[in-house]
Amino acid sequence: MSTIGVLALQGAFAEHINKLNSLGVDAREVRMPADLEGLAGLIIPGGESTAIGKLIDRFNLREPIVSMAGSGKPLWGTCAGMILMGREVDADTRGPAQPLLGLMDLTTRRNAFGSQVDSFETELDMPVVSSERLPAVFIRAPVVSSVGDAVKILSQLPDGRIVAVQQGNLVATAFHPELTQVTDFHAWFVSLT
Amino acid sequence: MEKATFTAKSGLAQMLKGGVIMDVVTPEHARIAEAAGACAVMALERVPSDIRRDGGVARMSDPDLIEGIKKAVTIPVMAKARIGHFVEAQILQALGVDYIDESEVLTPADDNFHIYKHDFDVPFVCGARNLGEALRRIGEGAAMIRSKGEAGTGNIVEAVRHLREITGGIKKLQAMPKEELMSEARDMGAPYDLVLQVAETGRLPVVLFCAGGIATPADAALVMQLGAEGTFGGSGIFKSDDPASRGKAIVEATTHYRDANILADVSRGIGEPMKGLEMGSIPEAELLAVRGW
Numbered sequence: 001m002s003t004i005g006v007l008a009l010q011g012a013f014a015e016h017i018n019k020l021n022s023l024g025v026d027a028r029e030v031r032m033p034a035d036l037e038g039l040a041g042l043i044i045p046g047g048e049s050t051a052i053g054k055l056i057d058r059f060n061l062r063e064p065i066v067s068m069a070g071s072g073k074p075l076w077g078t079c080a081g082m083i084l085m086g087r088e089v090d091a092d093t094r095g096p097a098q099p100l101l102g103l104m105d106l107t108t109r110r111n112a113f114g115s116q117v118d119s120f121e122t123e124l125d126m127p128v129v130s131s132e133r134l135p136a137v138f139i140r141a142p143v144v145s146s147v148g149d150a151v152k153i154l155s156q157l158p159d160g161r162i163v164a165v166q167q168g169n170l171v172a173t174a175f176h177p178e179l180t181q182v183t184d185f186h187a188w189f190v191s192l193t
Numbered sequence: 194m195e196k197a198t199f200t201a202k203s204g205l206a207q208m209l210k211g212g213v214i215m216d217v218v219t220p221e222h223a224r225i226a227e228a229a230g231a232c233a234v235m236a237l238e239r240v241p242s243d244i245r246r247d248g249g250v251a252r253m254s255d256p257d258l259i260e261g262i263k264k265a266v267t268i269p270v271m272a273k274a275r276i277g278h279f280v281e282a283q284i285l286q287a288l289g290v291d292y293i294d295e296s297e298v299l300t301p302a303d304d305n306f307h308i309y310k311h312d313f314d315v316p317f318v319c320g321a322r323n324l325g326e327a328l329r330r331i332g333e334g335a336a337m338i339r340s341k342g343e344a345g346t347g348n349i350v351e352a353v354r355h356l357r358e359i360t361g362g363i364k365k366l367q368a369m370p371k372e373e374l375m376s377e378a379r380d381m382g383a384p385y386d387l388v389l390q391v392a393e394t395g396r397l398p399v400v401l402f403c404a405g406g407i408a409t410p411a412d413a414a415l416v417m418q419l420g421a422e423g424t425f426g427g428s429g430i431f432k433s434d435d436p437a438s439r440g441k442a443i444v445e446a447t448t449h450y451r452d453a454n455i456l457a458d459v460s461r462g463i464g465e466p467m468k469g470l471e472m473g474s475i476p477e478a479e480l481l482a483v484r485g486w
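Those protein sequences? They're chains A and B, same order as listed.
Counted the way my numbering counts, the first sequence spans residues 1 to 193.
Counted the way my numbering counts, the second sequence spans residues 194 to 486.
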């Protein structure tokens, strides 16, 4: 049976593993390059993008993750993971010397809704995942501020801000399905493998 | 759209897991902490070892200091309010801090009651020495718990004791027959519904970090192996020889806490740790962890 990896350097990786396991899917924590071997897909979780980015480089994970993305296997970044998967961050919100993986042709805006008191829960439409509205938790969340032609927009807030995108085998969401009761997002991601 | 729900409050703590929250007293410290890979910073005027040395009343930090630190970094900024001082907490919320630590490191403002934290939009982290104390704080609205340890000592012994008290308390509840849980809740001084929840799930309903005495990468890995979900680095980082290197090493040790080869590697070449205090040398009146009701 195929195994999905969850990058476990910092952040909410255990929540993603629990969701995958609840679907009967094997999941593995990824801390070192060898942990990526044989995986069918990879989730880059929420956390602090500056902290995770530094640890990716410190423990030589950049090259194998980039090559995994190039091989066509699905990768999904949530929140900090979305920032890391993008090519650029709006300059006024980018951390000093903040490392990015640059896998997707998009620019993100960090903390786009303000500080923690502006974090929120809502429901949104994401037709590729479900015909029903789905719960989503936004925590000091980023948004996608601009996308290249190859990027498909999967979900927007009522004010038009882009919060879910796909570029071939690569998916990014600004919000946290792993903090809700539903497994629809994870089931959809597994279906891409 | 609903703001400041408990899911959003405790969710930020979930995003901090596996990371290190570092005490900083200047914007320059904050930038060093961010560069070292901290997942958040705690803005305060003096690190605990200096509070301990200086004595006097320790209060909420100057708003200008907190705003200066907020401007210096992109990671979450936390700040401390005195136990029971809900007006300091109102001010910190108005300043837009990301988390409030209702902390025994500051001089308590109320020697009977803690802040009613459900009233606030900003989430709170609180210290605890045992499971009963942790569940009382969660009952009042804390969205994150840290084991207290003894702040400003560079001595891990109290942190280990408090962490073991909490995780051991959880295991004890799990093993108890249901009919014993009400009396146990009474004896622990903890809300019954939370006792039931912990007995069933085998974990706190919120994230558990460890604070108070972490001075080396090995200390950080020790508390992670004992069940902490992340670490606080206080005096142990900025009172050491080389805060940038030691901070980075403690971040790496918190991630790779089970890998002894990496722990050996990151423990090299990071200068001298803070000197530290033996517990017996601290007069009882100066112990911080006993503050909390």
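All residues carry an ideal CB built from backbone N, CA and C; glycine is no exception.
Treat the numbers as computed from the prediction; the structure is a model and nothing was measured.
Is the distance from the Cβ of residue i to the Cβ of residue j below 8 Å?
i	j	result
valine 290 of chain B	alanine 272 of chain B	yes
isoleucine 4 of chain A	alanine 40 of chain A	yes
glycine 204 of chain B	threonine 447 of chain B	no
alanine 12 of chain A	glutamine 367 of chain B	no
serine 119 of chain A	alanine 201 of chain B	yes
leucine 106 of chain A	valine 151 of chain A	yes
isoleucine 276 of chain B	leucine 324 of chain B	no
glycine 46 of chain A	histidine 186 of chain A	no
phenylalanine 113 of chain A	alanine 141 of chain A	yes
methionine 467 of chain B	lysine 432 of chain B	yes
alanine 421 of chain B	leucine 456 of chain B	no
leucine 419 of chain B	alanine 392 of chain B	no
valine 240 of chain B	glycine 427 of chain B	yes
glutamate 343 of chain B	leucine 209 of chain B	no
glutamate 358 of chain B	methionine 369 of chain B	no
phenylalanine 279 of chain B	isoleucine 259 of chain B	no
glycine 429 of chain B	phenylalanine 402 of chain B	no
leucine 222 of chain A	glutamate 15 of chain A	Look at the range of chain A in this structure, 1 to 193, and you will see that residue 222 of chain A is not part of it.
Out of curiosity, what's the CA-to-CA distance linking residue i and residue j?
i	j	result
valine 218 of chain B	glutamate 326 of chain B	28 Å
leucine 397 of chain B	alanine 226 of chain B	28 Å
leucine 75 of chain A	methionine 126 of chain A	18 Å
methionine 104 of chain A	valine 30 of chain A	21 Å
alanine 335 of chain B	valine 318 of chain B	6 Å
alanine 414 of chain B	arginine 330 of chain B	26 Å
phenylalanine 59 of chain A	isoleucine 44 of chain A	15 Å
lysine 365 of chain B	glutamine 390 of chain B	13 Å
alanine 8 of chain A	aspartate 90 of chain A	26 Å
leucine 42 of chain A	phenylalanine 306 of chain B	46 Å
proline 269 of chain B	glutamate 372 of chain B	43 Å
valine 182 of chain A	valine 250 of chain B	48 Å
threonine 477 of chain B	threonine 78 of chain A	Correcting the residue identity first, residue 477 of chain B is glutamate in this sequence and not threonine. About 47 Å.
histidine 197 of chain B	arginine 224 of chain B	The displayed chain sequence assigns alanine, not histidine, to residue 197 of chain B. Answer to the nearest angstrom: the Cα atoms are 28 Å apart.
arginine 161 of chain A	valine 388 of chain B	42 Å
aspartate 184 of chain A	valine 165 of chain A	16 Å
valine 416 of chain B	glycine 361 of chain B	14 Å
alanine 437 of chain B	alanine 352 of chain B	23 Å
valine 163 of chain A	methionine 253 of chain B	37 Å
alanine 228 of chain B	isoleucine 443 of chain B	13 Å
alanine 236 of chain B	serine 71 of chain A	44 Å
alanine 231 of chain B	isoleucine 262 of chain B	14 Å
arginine 62 of chain A	glycine 248 of chain B	48 Å
threonine 93 of chain A	aspartate 257 of chain B	21 Å
arginine 110 of chain A	aspartate 380 of chain B	46 Å
glutamine 283 of chain B	isoleucine 463 of chain B	39 Å
leucine 154 of chain A	threonine 394 of chain B	35 Å
leucine 20 of chain A	methionine 472 of chain B	45 Å
Taking its Cβ as the centre, do 16 or more other Cβ atoms sit within 10 Å of residue i, making it buried, or is it exposed?
i	result
proline 316 of chain B	buried
histidine 311 of chain B	exposed
alanine 34 of chain A	exposed
arginine 133 of chain A	exposed
glycine 148 of chain A	exposed
valine 298 of chain B	buried
alanine 453 of chain B	exposed
proline 158 of chain A	exposed
alanine 174 of chain A	buried
serine 216 of chain A	Residue coverage of chain A in this structure runs from 1 to 193, which leaves residue 216 of chain A outside it and unanswerable.
glycine 53 of chain A	buried
valine 459 of chain B	buried
* Touching by the beta-carbon criterion (3+ pairs, under 8 Å), the stretch 79-87 of chain A and the stretch 98-109 of chain A -> yes
* Counting only runs that start and end within the stretch 291-321 of chain B, where is the beta strand (DSSP E) found for 3 or more residues in a row? -> 292-296, 317-321
* Entirely enclosed beta strand (DSSP E) segments - the stretch 54-98 of chain A, minimum 3 residues -> 75-78, 86-89
* When the Cβ atoms of the stretch 344-363 of chain B are set against those of the stretch 402-413 of chain B, are three or more pairs found closer than 8 Å? -> yes
* Asked: At what residue ranges does the stretch 245-270 of chain B contain a whole run of the alpha helix (DSSP H), taking only runs of 4 or more?
  -> 256-265
* Could you give the uninterrupted runs of the alpha helix (DSSP H) lying entirely in the stretch 378-466 of chain B, keeping only those of 4 residues or more? -> 385-394, 410-418, 428-431, 436-448, 453-459
* **Complete alpha helix (DSSP H) runs within the stretch 139-174 of chain A (minimum length 4 residues, chain order)** => none
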